[in-house]
Amino acid sequence: MYNIVFIGPPGGGKGTQADMVCKFLNIPHISTGDIFRAMIKEGKSELADMIRGYMSRGELVPDEAVVDVLFDRISKDDCQNGYLLDGFPRSLNQAKVLDAKLASAPLTHVILIDVDENQLIKRLTGRRTAVNSGKIYNIHFNPPKVEGKCDVSGEDLIIRDDDKIETVTNRLKVYKDQTVAAVNYYKEKGVLTVIKGEKNIDEVFADIKEVLKS
Ligand code: AP5
Ligand code: MG
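Under the numbering used here, the first residue of the sequence shown is numbered 3, with each subsequent residue one higher.
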């Protein structure tokens, strides 16, 4: 049974690796960011409007909203044999609330994908996303076969609203100010494994598979 958390700075490769790991282990990939983007795309609701505001500024969505959405998702049938959380928790409070919730089936792996800040900025500003297939590309490091189109679905690739440089800078600050505290919490508990995320995508995947053997 795998109850995995991927934590780390924006642009570190959590989504890219989560997609590969979840196919490999046949478990659901639960990204709070993806859930929020889907809620915003679905249409107008007070909650979606509130979330859009926080995301567009690169701030964390308030815990009450995130925790409800996340707990609702992990209570679904497809999560009963494990799951991978990508982007949750990202504050000390979220980490503690998650631990309390999972008392009877705790996390099996907490993996930090660590990447230097200059590289993160290049990755985020070069990212292109396929909304429907969920595939993630990069104009510098992982381009699609046909420029601007998804290899899998053929749909047009988009630039995420929060990948413009002003928002990227704020997301990196928020990571340091709020998410590093959750990283330290797992470090102190002795459950954190740090993966060097600056290798190429396949090498990082191989390193993560090694960690998952234990
Ligand atoms: P979220 O969608 O989770 O964004 P994030 O954490 O900022 O992370 P990213 O998705 O930007 O990066 P990633 O690590 O997934 O990297 P990726 O694989 O795409 O959250 C967005 C927002 O939602 C937050 O700002 C917040 O407002 C809100 N939110 C979400 N969860 C929340 C929570 N728990 N609490 C409160 N608010 C929450 O890769 C990046 C790029 O690099 C891609 O172009 C990729 O192709 C490339 N790349 C990947 N790996 C490599 C490699 N090894 N070498 C070269 N390039 C690579
Ligand atoms: Mg992501």
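We put the beta carbon where it would ideally sit given N, CA and C, even for glycine.
Identified DSSP bridge partners for residue i
i: Tyr-85; result: Asn-5
i: Lys-151; result: Asp-158
i: Ser-135; result: DSSP lists no partner for Ser-135.
i: Thr-195; result: Ile-113
i: His-31; result: Leu-86
i: Asn-140; result: Arg-129 and Asn-144
Of the listed residues the options, nearest to residue i (C-alpha basis)
i: Ile-113; options: Lys-201, Phe-8 and Asp-70; result: Phe-8
i: Ile-210; options: Arg-39, Gly-55, Val-71 and Leu-86; result: Leu-86
i: Asn-172; options: Arg-39, Gly-192, Leu-126 and Asp-65; result: Leu-126
i: Asp-70; options: Pro-145, Phe-38 and Val-133; result: Phe-38
i: Lys-16; options: Asp-79, Val-133, Phe-207 and Lys-215; result: Phe-207
i: Thr-34; options: Gly-10, Arg-75 and Thr-195; result: Arg-75
i: Asn-130; options: Ser-77, Leu-122, Ile-141 and Ile-123; result: A small fix is needed here, since residue 130 is Arg in this sequence, not Asn. Of the listed residues, the one whose Cα sits closest to Arg-130 is Ile-141.
i: Glu-279; options: Pro-146, Pro-11 and Pro-12; result: Residue 279 is absent from the model: the chain starts at 3 and stops at 216.
i: Asp-88; options: Lys-175, Lys-215 and Pro-12; result: Pro-12
i: Lys-124; options: Tyr-188, Asp-204 and Gly-14; result: Gly-14
i: Gly-10; options: Asp-116, Leu-100, Asn-95 and Lys-103; result: Asp-116
i: Glu-149; options: Asp-165, Gly-128, Gly-136 and Asn-134; result: Gly-128
i: Ser-93; options: Val-196, Glu-205 and Val-182; result: Val-182
i: Asp-101; options: Ala-184, Ile-29 and Val-176; result: Ala-184
i: Glu-205; options: Ile-53, Thr-169, Asn-28 and Val-23; result: Val-23
i: Lys-198; options: Met-3, Ile-6, Gln-19 and Tyr-4; result: Gln-19
i: Ser-155; options: Phe-143, Lys-137, Val-170 and Asp-164; result: Lys-137
i: Cys-49; options: Val-63, Arg-59 and Met-3; result: Note on residue identity: the sequence assigns Leu, not Cys, to residue 49. For the residues Val-63, Arg-59 and Met-3, the minimum Cα distance to Leu-49 belongs to Val-63.
i: Asp-163; options: Asn-5, Met-3, His-31 and Tyr-56; result: Tyr-56
i: Leu-174; options: Ser-47, Gly-45, Ile-29 and Gly-60; result: Gly-60
i: Val-193; options: Thr-169, Pro-108, Leu-72 and Lys-78; result: Pro-108
i: Ile-32; options: Val-133, Glu-190 and Ile-6; result: Ile-6
i: Leu-27; options: Gly-84, Tyr-177 and Ile-53; result: Gly-84
i: Ile-203; options: Gly-45, Val-99, Asn-144 and Tyr-4; result: Asn-144
Per-residue burial, residue i [other beta carbons within 10 Å of its own, 16 or more giving buried]
i: Ile-167; result: exposed
i: Asn-251; result: Residue coverage of the chain in this structure runs from 3 to 216, which leaves residue 251 outside it and unanswerable.
i: Asp-51; result: exposed
i: Lys-25; result: exposed
i: Ala-105; result: exposed
i: Val-68; result: buried
i: Gln-96; result: buried
i: Asp-217; result: As displayed, the chain neither begins before 3 nor continues past 216, which places residue 217 out of reach and without an answer.
i: Asp-79; result: exposed
i: Phe-90; result: buried
i: Ala-219; result: Coverage of the chain is limited to positions 3 through 216, which leaves residue 219 absent and any answer about it impossible.
Among all residues, which have a Cβ less than 7 Å from at least one non-hydrogen atom of the ligand ATP, and in what chain order do they fall? With respect to the ligand ATP, the structure shown offers nothing to examine, as its ligands consist of the ligand AP5 and the ligand MG.
To test your reading of the DSSP string, which unbroken alpha helix (DSSP H) runs of 4 or more residues are found completely within the region 46 to 98? Segments of the alpha helix (DSSP H) lying fully in the region 46 to 98: 48 to 59 and 65 to 76.
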